[in-house]
Every structure is written in C-alpha cells, then in structure tokens.
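Sequential numbering from 759 applies to the sequence shown in the numbering used here. Glycine residues also receive a C-beta, built at the ideal position from the N, C-alpha and C atoms. Note that this is a predicted model, so its numbers are computed, not measured.
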Amino acid sequence: MYSLETRCIHGEAHSVQDANYAVSFPIYQTACFSHLTPGHNPTGFDYSRESNPTRKFLEETVSSLEGAHDTVAFASGMAAISAFFELFRPGDRILCGEDLYGGVVRLIQQVALKNGYQIEYVDTTDAAKVAAAIRPDTKAVYLETPSNPMMRVSDIAAIAEIAHANGAVLAVDNTFMTPVLQHPIANGADFVIHSGTKYLSGHNDTVCGFLCSADPEQAARVRLISKTTGATLGPFECWLCLRGMKTLALRIKRHVTNAETVRDWLRGREEVDNIYYAGSGMISFTVKSPEKALSILKNVKLITFSESLGGTESLITYPIVQTHPDVPDEQRRRLGITDCLLRMSVGIEDPADILGDLEQAFRADSEK
Ligand SMILES: Cc1ncc(COP(=O)(O)O)c(C=O)c1O
C-alpha cells in the first residue's frame, strides 16, 4: 500500500475508472444511468442518490485514508452525523462527549430527541468516567477528539475497549485531526465522522461530510440509511473535495506549524489568559475581557471573522455566539465556553503575516 501522502493524491485501488483514463477523475454530473435490460446494469450505477462514480471515487479515497471498510459521502458533516444517529432505536442509550460542535448538541436536543434515545453527556477525557457511565443498554459512545472548541483530548483506544466490552460501538469525529494526524479505526473505533467541509476539502469552498464504517454489517446499514434518507453528496462537491484532498497531507503540516507559531506568540501576550491547543491547526484562547475578544474580532484584517475552519484561509470565531449558541448555558460555563473565548483556525498563509495581523488586532482599541 502506498503511503498516506501518496494516497491523498491517488487514492488506493479504486473500483471505478474513468472510461478515458482521465488523470483528474471526472464529474459525473448525471442523475441516472441507462440500463441494458431490466435489472441489468453492467456498471452497477443506477441513480445518483444511491451511487455515482465521482462519489464512489471520493468515498474509496476516504476509506483508504481512514482504514475503513466503507465510507458514505454526505451533503454535510451534520448529514453524516444524523445518519449515524439513525442507526439507533427508541430507548437506546448513547453516551456523548461533553464538549461537541454546537450543531450536534442541537441535533441531539431538538431533533433526535423525538426518537426516544437516552442521551447522557460524559467527560470522555477520563476513560474511567466512561467506564463508570457505561451499562449493558448503552449502544454507542460518541465523541470528538480534540473537541470543538475546547480541544479536549480523549483516549480512543481505551474508550473503544470499554465500549466493546459492553457491546457498544464507538464513533469518533476526526474533523480536527484528519487521517493525517489520527487514525480512530486503527485504535478501535467503529465509526469515523468528518465534516469534510473543513480540512478534507480544505479551501472553504464546499460543504460535505463523511461517515466511515469499520465493520461490513454496520456499513451496509449506513448504506441503507444514506440511500433512503437521501442526503448524499452531489458530483461537483465530490470533485471539489477530491481536488482538495490531493494536498491534504501538505496542508496539514503547514496548518500545524503555523498553529504552533500562533500558540507561541499567544503565550507571550499579557492579554491572553488560557490557551487550548492539542496539536492540530486549531487553537482556542481566552482574553481578559469580552470587550477585548470583540475588539480582536472587529480589528482582524487578514484573518477573517467567520465560523468555519480547516481551510487555507485563517479564520477566527466567537464560539459562544457563532458555533455554540444552542449549548445550554450551564454546560457552556462548565466547559469554559465563555464570552472571553476565541477559536482560531490557523490557515496556511505566511506565518509572519498571520502574526502581524494578530499583533495589530490585539493592539488596535487599546491605543485609542
Ligand atoms: C467537529 C465538527 N463536526 C461536525 C461539524 C458539522 O459539519 P458541517 O458543518 O459540515 O455540517 C462541524 C461543523 O463545524 C464540526 O466543527
């Protein structure tokens, strides 16, 4: 098998090939495929909600990078997460990490609630707490590591062991680390989730998501859900993500070195109280007052005040308002998501320009 860097570019042993051997896999912009006779279609493609060559090429590339049996590409990360939650039945108990992207908390509390799941939040940074919370009726553990926005790290291998010993599956959102830095399935996870909108696509130009399954039976259930509920990714977005992923390994290296440079710079600033960093391109930090946080957001010029992450451009966001407004107040306070917290997605620009912009934004209102 080729190295991960090479597989970002070429994938691995794709089952689909372009008829003209195009080097860049084409966009099969078609809703349907013709049949030769009833029930007989030599390529296996019928209808693009269910499967499409461009999507298949993308899904096989992501499966290769994540070491998955199968991957489904969805119209967004949230569509992939919703499909994961569709795997369960009323009464099933699901343990969730305490610090999750706010949209997942909204999904759990405002949409999936009617499905009658018993959801409990656990501090997954301590595997012993997961062991204490898990019971025979627990069907799944769901976590982000590092988490959004507090960068809390969980031990995937230890939690997978606890989950499996109790007959539960483990799903890990690998959006922040990507398969370049972390391999949940190799560490025992049963499902990997991505907001492909972020590092995988990598250019802030498309929204997509992935649900990767390690086990063939679970993968078949995900396929049934995806073709039936229908939130699969369109061919053009598949192509954009494929194109973005060719440079994933290169980009991640630069994101990380740039983020480390920003972390070191923040460490020297008296306006900064706490820095949360776990080795990806993402960094969160608190400043001494909400006024300072708002002033930084107002004054950044190169760094864009925007709520996504993982693209070539540096972005900064205000989690309490932008990404986590639907997380209950008490939960936010306990986690440290305060009005002094900023989250930065460090891009791949020249680090000197990123620091220069931070420098002037930190200084701006204090000089007036
Ligand atoms: C860690 C994480 N998972 C999932 C999602 C949801 O992905 P999408 O916005 O592509 O639906 C996000 C979005 O910000 C995220 O940060």
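- Counting C-beta pairs closer than 8 Å gives fewer than three between the region 1018–1025 and the region 987–1002, which falls short of the contact rule.
- In the three-state scheme derived from DSSP, where H, G and I count as helix and E and B as strand, Met1102 is classed as strand.
- Here Asn778 is exposed, its C-beta having fewer than 16 other C-beta atoms within 10 Å.
- A Cβ-Cβ contact shorter than 9 Å links Phe934 with Met1040.
- Annotation note: the region 911–979 contains the following uninterrupted alpha helix (DSSP H) runs of length 4 or greater, listed N- to C-terminal: 914–923 and 936–939.
- Going by beta carbons, Glu844 and Ile951 fall outside the 9 Å limit.
- About 6 Å separates the Cβ atoms of Ile1106 and His1013, confirming a contact at the 8 Å cut-off.
- Phe1043: not part of any alpha helix (DSSP H); member of the beta strand (DSSP E) spanning Met1040 to Val1045, first to last residue.
- At a cut-off of 4 residues, the continuous stretches assigned as alpha helix (DSSP H) that sit fully inside the region 1062–1110 are 1087–1093.
- Between Asn924 and Ile892 a beta carbon distance of about 5 Å is seen, short of the 8 Å cut, so the two are scored as contacting.
- Cβ neighbours of Gln867 within its own chain (closer than 6 Å, five residues either side excluded): none.
- The beta carbon of Ile1061 lies closer than 6 Å to those of Ser1072, Ile1074 and Asp1115 in the same chain, with the five residues before and after it left out.
- Within the region 814–872, the complete beta strand (DSSP E) runs of at least 3 residues fall at 828–832 and 851–855.
- Taking C-beta atoms as the reference points, Gly1037 and Ala833 fail to come closer than 9 Å.
- The three-state reading of DSSP puts Gln775 in coil, since its state is none of H, G, I, E or B.
- The C-alpha of Thr819 is placed about 12 Å away from the C-alpha of Tyr760.
- Within a 10 Å sphere around the beta-carbon of Tyr805 sit fewer than 16 other beta-carbons, which makes this residue exposed.
- In the assembly as shown, His1082 is a buried residue. Its beta-carbon has 16 or more other beta-carbons within 10 Å.
- Taking C-alpha positions only, Gly946 is separated from His798 by approximately 39 Å.
- Contact between Phe791 and Phe803 holds: their C-beta atoms lie close to 4 Å from each other, under 8 Å.
- Spatial neighbours of Arg813 in its own chain (CB-CB distance under 7 Å, excluding positions within 5 residues in sequence) are listed in chain order as Ala831, Thr990, Leu991, Pro993 and Cys996.
- The region 870–889 and the region 840–859 touch, with no fewer than 3 CB-CB distances between them shorter than 8 Å.
- Here the C-alpha atom of Ser1066 lies approximately 16 Å from the C-alpha atom of Ala837.
- With a threshold of 8 Å, the Cβ atom of Leu928 does not count as near ligand 1, since no heavy atom of the ligand is closer than that.
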